[in-house]
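K.L.:
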Amino acid sequence: MTTEQPESEQQRPGNFLKRLFWHGDHRYLLIPTTYAQEANPEGEGPFGKAPKTWKTKWWDWTGGDHASVFFYVVVGVILSIMTLAEYWIFTTDLEQVWLNSSLFALSAIKFFMVVAFFMHLKFDNKWFTYLFASGFILAMAIFMSILALTDKLNG
Amino acid sequence: MAQEAVISTFPNPFPRPKSDTGIWSWITTVDHKRIGTMYGISAFMFFLVGGTEALIMRLQLARADSDLVSPEVYNQLFTMHGTTMIFLVVMPLSAAFFNWLVPLMIGARDVAFPRLNAFSYWTFLAGGLLINLSFAFNSAPNAGWFGYANLTEGAYALGNNTTFWVIGLQVLGIASLAAAFNFLVTIINLRAPGMSFMKMPVFIWMALIVQILLVLAFPVITVALIELQFDRLYLTNFFNPDAGGEPVYWQHMFWLFGHPEVYILILPAMGIVSEVLPVFSRKPLFGYPFVVFAGAAIAFMGFFVWSHHMFTTGLGPAATSAFALSTMAIAVPTGIKIFNWIGTIWGGQIKLNSAMLFSIGFVALFIVGGLSGVSHASPPTDAQQQDTYYIVAHFHYVLFGGSLFGLFSGVYYWWPKFTGKFLSEKLGKIHFWLMFVGMNLTFFPMHWLGLDGMPRRIFTYGGDSGWERTNEWITVGAFIIALSILVFMINYVKTWRAGTVAGADPWDARTLEWSIPSPVPVYNFVKIPQVDALDDWWVKKYPETVLHQESHDTDSGQLAPAGAEDVLPMQARVSPEELLGEDHGIHLPDKSYYPLIAALGLAFFGGSLMSAWWLTLIAGLIMLYGVMGWIFEPVNDPEDHH
Amino acid sequence: MAQAAITAEHHGSDHHEETTTGLGHRKLLMWSFLGSECMFFGSLIATYLVYRNQSKVGPWPDEIIDVPLTTISTFVLLMSSLAMVLALNYTQRNRPNLARFWILMTAALGSGFLGFQAFEFTEFFHEGLTPRINLFGTTFFVLTGFHGAHVTVGVLWLLMMSGTTTPKGLHGITLLGLLLAFYTGLAGVLGMIDVIPQIEGTPGVIIFIVGVIATLGIGVWHFSLKTEMAVDHQAENLEITGLYWHFVDIVWIVIFTVVYLVSANDGEALAEGLLHG
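Chains as they are written, first to last, in the working numbering: chain A, 39 to 193; chain B, 1160 to 1801; chain C, 1351 to 1627.
1) Interface residues of chain A around Ala1478(B) at Cβ under 7 Å?
2) Quick one: any contact between the segment 1605-1613 of chain B and the segment 1453-1468 of chain B, if contact means 3 or more CB pairs under 8 Å?
3) Please report how far the alpha carbon of Leu1747(B) lies from the alpha carbon of Pro1680(B), in whole angstroms.
4) Going by DSSP, what residue range makes up the alpha helix (DSSP H) through Trp1259(B)?
5) Is the CB-CB distance between Tyr1422(B) and Leu1372(B) below 7 Å?
6) Check whether the segment 1389-1400 of chain C and the segment 1487-1500 of chain C touch, using three or more Cβ-Cβ pairs below 8 Å as the test.
7) Quick check on Pro1614(B): does DSSP put it in helix, strand or coil?
8) At which residues does the alpha helix (DSSP H) containing Pro1419(B) begin and terminate?
9) Of the residues that make up the segment 1364-1396 of chain B, which ones have a beta carbon closer than 9 Å to any beta carbon in chain A?
10) Who are the neighbours of Gly1569(C) on chain B, taking C-beta pairs under 7 Å?
11) Quick check: the Cα distance between Gln1467(C) and Gly1498(C), rounded to an integer number of angstroms?
12) Taking only beta-carbon positions, decide if Val1451(B) is within less than 7 Å of chain C.
13) Please identify the residue among Leu1415(B), His1418(B), Ala1428(B), Val1527(B) whose C-alpha is closest to the C-alpha of Glu1605(B).
14) CA-CA distance, Gly1504(C) and Met1769(B)?
15) Can you pull the chain A neighbours of His1411(B), defined as C-beta to C-beta under 9 Å?
16) For Gly1374(C), go through chain A and note every residue whose CB falls closer than 9 Å to its CB, in chain order.
17) Whose Cβ in chain A lies nearer than 7 Å to the Cβ of Asp1416(C)?
18) Are the CB atoms of Phe1591(B) and Ser1513(B) nearer to each other than 7 Å?
19) What are the partner residues of Thr1547(B), as DSSP defines its beta bridges?
20) With DSSP run on the structure shown, which of helix, strand or coil describes Lys1580(B)?
21) So what's Val1604(C) in DSSP terms, helix, strand or just coil?
22) Which of the three DSSP states, helix, strand or coil, is assigned to His1468(B)?
23) Alpha helix (DSSP H) containing His1375(C): first to last residue?
24) Given this structure, state the Cα-to-Cα distance separating Gly1529(B) from Tyr1572(B), to the nearest angstrom.
25) Beta-carbon within less than 7 Å of Ser1279(B)'s beta-carbon, same chain only, minus the 5 sequence neighbours each way: which residues are those?
26) Using beta carbons (cut-off 7 Å, strictly below), is Phe1390(C) in contact with chain B?
27) Since Val1660(B) sits in a beta bridge, which residues does DSSP pair it with?
28) Going by the DSSP bridge assignment, what does His1583(C) pair with across the sheet?
29) In the segment 147-159 of chain A, which residues sit with their C-beta less than 7 Å from some C-beta in chain C, listed in chain order?
30) Counting only Cβ pairs nearer than 8 Å, list the residues of chain B close to Ser1386(C).
31) At 7 Å on the CB atoms, spell out the chain B contacts of Ile180(A), in chain order.
32) Any beta-carbon of chain C closer than 7 Å to the one on Trp165(A)?
33) Look at the Cβ atom of Met178(A), then the Cβ atom of Lys148(A), and state whether they are nearer than 7 Å.
34) Taking the beta carbon of Asn1297(B) as the centre, do at least 16 other beta carbons fall within 10 Å, making it buried, or is it exposed?
35) May I ask which residues mark the beginning and end of the alpha helix (DSSP H) holding Pro1378(B)?
36) List, in order along the chain, the chain A residues whose C-beta lies closer than 8 Å to that of Asp1466(B)?
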């Protein structure tokens, strides 16, 4: 069994972005899961299986039923770019409120990307989401109230 | 077995403990029942300590201008009384019930992490001993159980008194957290097949909610204690006003934990009462889903009321109103529960034995405590009542009249399951009435004293205050409570020697733990039961009553064909001897030294922070050794299998 | 001395245990622990924010905080998260040598982050910011220090996990050596930032270097081991390690924003303004 399965290959969308987020069951923008057990693809190096030809095939290694090394690298690159963007925003002369809100927004996106993709919460059992979210949401709610009570929310 | 991949090897100097009898079998046990028993006994010992502290305080307050104890000793007494009763009595007594009953009621053979369970117990015991060890150094904690900053800062609280308190609570917090994670996973993951959440007994529901509260509330006090500890030991500035620190921030942190803690103390008792009342009324619990959701609502809202402990710190009208409203709103789910309990008894075949009396006592006294609680949810009245004996009256009605009555109810109810013998009903009823009368005599007059302006935490008062006569009666009441506890101890000793032997299901009860023999065999269930309904054991025994009462229930249709062989308590009939004959494939986790070593290392580590650095190093190494041995030790020794 | 060997069968016994939800006990425990840790770090971050601009004396954040440097260390920790997820990926696919490479890479990047933190603490210390000097120092060192402690625990855990992918499994003696080496390095760091006055200055630096070399040596030796054994039974164990590691990373994502980017320009003027305005 290899990564590319003949019948699912036929259903693969042509668009690059759609391929990247293709889940293999007629739904787009569903990122591949990581739990499919399958035999080792051959010739796998630290960065995954070497692409056959750089022009056409290299993103095909993603998709299918499970996330590949390439997928994680893409997430990692996006996270790095966002970290750089944070630094760039920090160096601009934005108004305080815009500066802070864009920084917090980027930070939140990074947070949820790591939780969803690296920690696999997006694909995993909902129990894990409940347990983690109960702590996270409660912490946000309570400590926001604490900051409001001590007049620190707009400081 | 050539395919077996070796994951780790570690030189293990101790042979694995094997014996099932003797003192070491208890010290190294990972059996939830034995750990539950040890929790119960330790908590009862601490109860006697905390009770003695209360009696000394009452003797001191019985007379005006008394000098039985000095103000310094009095400060230590009330601090240690509060700390002991909350962290070393009610919480571990609840933990004892969780340990015993969570696996039994959900149909499991043990908790999810047996060695972590042993670690929780030993950490609790070591932490409790550490905090009480302070008496030996004549530096018992003396700043109140809430340790308000900045009175607890190094500059104002000299000596090691408060440091003992901070570190002791930190160790106890780790014990509570470890136990909470364990029970949380156990309840989610080890329910018997078919036991969906809405088929769980209410006690298990309340246990689940309490574990969630513990998991989410204890990190806050951990951080607050870390900050205070750093202030005291390393001279940081968290609560130092000279450097801009805010003492009120300690109050926020403390009560952010402290109010959920109140529900950590009361919800287990509510769960017990919800099990006892249906059995002795011979009726199902009235409005099961309402009781469950009311418990969840109390827990959730409990996180958003903390500032009602701080109305007099001047939070501003908006915040004060918001917290007053949320506090009053919490009376709604509480009221739902009380009406459901009353609805359960209503029209039932009530059997007034000791367990039932304690449960009814719980409902009655908790109503009193709840009502006085609503009275200081209103900020203006709270400002009047703050720091007076009215508050003392309120929280003793909910903690003593509530939690402790509920826990005693559980003791009388489950004693036959724990030990195989009944406690004496006669002595039990004497115990109840003495405790009920003593409790009301002690705490009800405190309402009057408080409204008359008698402050809390004062070591004495003037003879011209007019409080002396009332205080005399309160002291008499306290000794009546002490007498009632003595009666309980006599009951224990007498029935231990010559108690009536109880069968597997002496109360004709409703939940799974009564389907197995008493006392419970070490493996609990020969065969993990299949659960088809709420109160499954009752349904299996009396399918006809359930079909009649709950004909609207879609599940009940499946119960009808249950044959006699399914209905009769098969497991109750299998004797342990019969079982030993054949291998049922029941693998119980082996005993272990390492949880004990890790726990002792942890408490030693905490205590050593007040001492020389090399002691800390030794303690750290002991802890590390315990943890590493634990990691490298397999759950079961390989030899066992082959 | 009895050798207690944990084999895949015994260690993984609770994998095969039937659970109500079908989920592993330990993974469930880890996620509830992370929920709890949200409250823990939430409390510490809230403390930092409540006391922001409350210091009475300097040094102030705008004189102290070096955002470009921390951006690099943030990037290092982020990349360690990527390495972690790759390690898990290869463990799930039964590639022990690649898995060990990425586990050790994660640990190395994590140690790199710790190195940045040690450097940063030392710099701040010499610029006059101590935990005792003002509220900024108090809240900054305790918040980032507890995060650093979590990273340290994570690095040790990863080193242990790398041992489980070696041909003969994790040896207690190897682990003891690793711990000893790692703690030597850590003690050196503490000496450098004057926490352990006995080894302040040059001895601290030397001890740190010895510790780092020893740790790396054992790590490299570990990496040189080659095996063909199956490791996918370790996938859940490594996944749990990974969950902890990623959590430490996301906490830093928040700390980086709150403590560095948002409050890097807090200064005396702002604090005075808040005080009087």
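Backbone N, C-alpha and C fix where the C-beta goes; we use that ideal spot for every residue, glycine too.
P.N.:
The answer reads as follows:
1) Reading the second sequence from its first residue, position 319 is the one you call residue 1478(B). Correct list: Leu187.
2) no
3) Within the second sequence, numbered from 1, the residue matching residue 1747(B) stands at position 588. Within the second sequence, numbered from 1, the residue matching residue 1680(B) stands at position 521. Taking the straight line from one Cα to the other gives about 12 Å.
4) Position 100 of the second sequence, counted from the first residue, corresponds to residue 1259(B). Counting along the chain, the alpha helix (DSSP H) containing Trp1259(B) begins and ends at 1250-1265.
5) Sequence index remark: in the second sequence, residue 1422(B) carries index 263 (1-based). Sequence index remark: in the second sequence, residue 1372(B) carries index 213 (1-based). Against a cut-off of 7 Å, the Cβ pair of Leu1372(B) and Tyr1422(B) comes out as a contact.
6) yes
7) In the second sequence, the residue the question calls residue 1614(B) occupies position 455. Strand at Pro1614(B).
8) Translated into the one-based positions of the second sequence, residue 1419(B) becomes position 260. 1406-1440 is the extent of the alpha helix (DSSP H) around Pro1419(B).
9) Ile1371, Val1374, Leu1375, Pro1378, Val1379
10) Indexing the third sequence from 1 puts residue 1569(C) at position 219. Per Cβ cutoff of 7 Å: no residues; Gly1569(C) is ~17 Å from chain B at best.
11) Position 117 of the third sequence, counted from the first residue, corresponds to residue 1467(C). Position 148 of the third sequence, counted from the first residue, corresponds to residue 1498(C). Whole-angstrom Cα-Cα distance: 8 Å.
12) Here residue 1451(B) refers to the residue found at position 292 of the second sequence. Closer than 7 Å: no.
13) Residue mapping note: residue 1605(B) aligns to position 446 of the second sequence, counting from 1. Reading off the sequence, residue 1605(B) comes out as Met, not Glu. Selected option, being the one with the closest Cα: Val1527(B).
14) For the purposes of this step, residue 1504(C) is taken as the residue at position 154 of the third sequence. For the purposes of this step, residue 1769(B) is taken as the residue at position 610 of the second sequence. Each residue's Cα considered, the two are about 28 Å apart.
15) Here residue 1411(B) is taken as the residue at index 252 of the second sequence, counted from 1. In chain order: Ile184, Leu187, Thr188.
16) Taking the first residue of the third sequence as 1, we reach residue 1374(C) at position 24. Under the 9 Å cutoff, chain A gives no residues; its nearest Cβ is about 10 Å from Gly1374(C).
17) Locating residue 1416(C) in the third sequence gives position 66, where the first residue counts as 1. Ordered by position in chain A, no residue passes the 7 Å Cβ test against Asp1416(C), which lies about 12 Å from the chain.
18) For the purposes of this step, residue 1591(B) is identified with residue 432 of the second sequence, where counting begins at 1. For the purposes of this step, residue 1513(B) is identified with residue 354 of the second sequence, where counting begins at 1. Against a cut-off of 7 Å, the Cβ pair of Ser1513(B) and Phe1591(B) comes out as a contact.
19) As a first step, residue 1547(B) must be located in the second sequence, where it is residue number 388. Pro1614(B).
20) Residue numbering aside, residue 1580(B) sits at position 421 when the second sequence is read from its first letter. Lys1580(B): strand per DSSP, three-state reduction.
21) Counted from its first residue, the third sequence places residue 1604(C) at position 254. DSSP places Val1604(C) in helix when its eight states are reduced to three.
22) For the purposes of this step, residue 1468(B) is taken as the residue at position 309 of the second sequence. Three-state result, His1468(B): helix.
23) For the purposes of this step, residue 1375(C) is taken as the residue at position 25 of the third sequence. Start and end: 1375-1400.
24) Translated into positions along the second sequence, residue 1529(B) becomes position 370. Translated into positions along the second sequence, residue 1572(B) becomes position 413. Distance between the alpha carbons of Gly1529(B) and Tyr1572(B): 25 Å.
25) On the second sequence, residue 1279(B) is found 120 positions in, with the first residue counted as 1. Only Ala1334, Ala1337, Ala1338, Asn1341 meet the Cβ criterion.
26) Locating residue 1390(C) in the third sequence gives position 40, counting from the first residue. It does; some Cβ of chain B falls within 7 Å.
27) On the second sequence, position 501 is the one that residue 1660(B) refers to. According to DSSP, which records beta bridges pairwise, Val1660(B) is partnered with Lys1580(B).
28) As a working mapping, residue 1583(C) is identified with position 233 in the third sequence. None; His1583(C) has no bridge partner.
29) Lys148, Phe149, Val152, Val153, Phe156, Met157
30) The count along the third sequence starts at 1 and reaches residue 1386(C) at position 36. The contacting residues are Leu1336, Phe1340, Val1374, Leu1375, Phe1377, Pro1378.
31) As a position in the first sequence, residue 180(A) is number 142, starting the count at 1. Ordered by position in chain B, the residues that pass the 7 Å Cβ test against Ile180(A) are Leu1415, Phe1462.
32) Residue numbering aside, residue 165(A) sits at position 127 when the first sequence is read from its first letter. Cβ-Cβ to chain C under 7 Å: yes for Trp165(A).
33) Looking up residue 178(A) in the first sequence gives position 140. Looking up residue 148(A) in the first sequence gives position 110. Cβ atoms of Met178(A) and Lys148(A): not closer than 7 Å.
34) Indexing the second sequence from 1 puts residue 1297(B) at position 138. By the neighbour-count rule (16 or more Cβ atoms within 10 Å), Asn1297(B) is not buried but exposed.
35) Here residue 1378(B) is taken as the residue at index 219 of the second sequence, counted from 1. Segment 1361-1393, the alpha helix (DSSP H) holding Pro1378(B).
36) Position 307 of the second sequence holds residue 1466(B). The identity of residue 1466(B) in the sequence shown is Ser, whereas the question assumes Asp. Neighbours of Ser1466(B) on chain A, chain order: Leu187.
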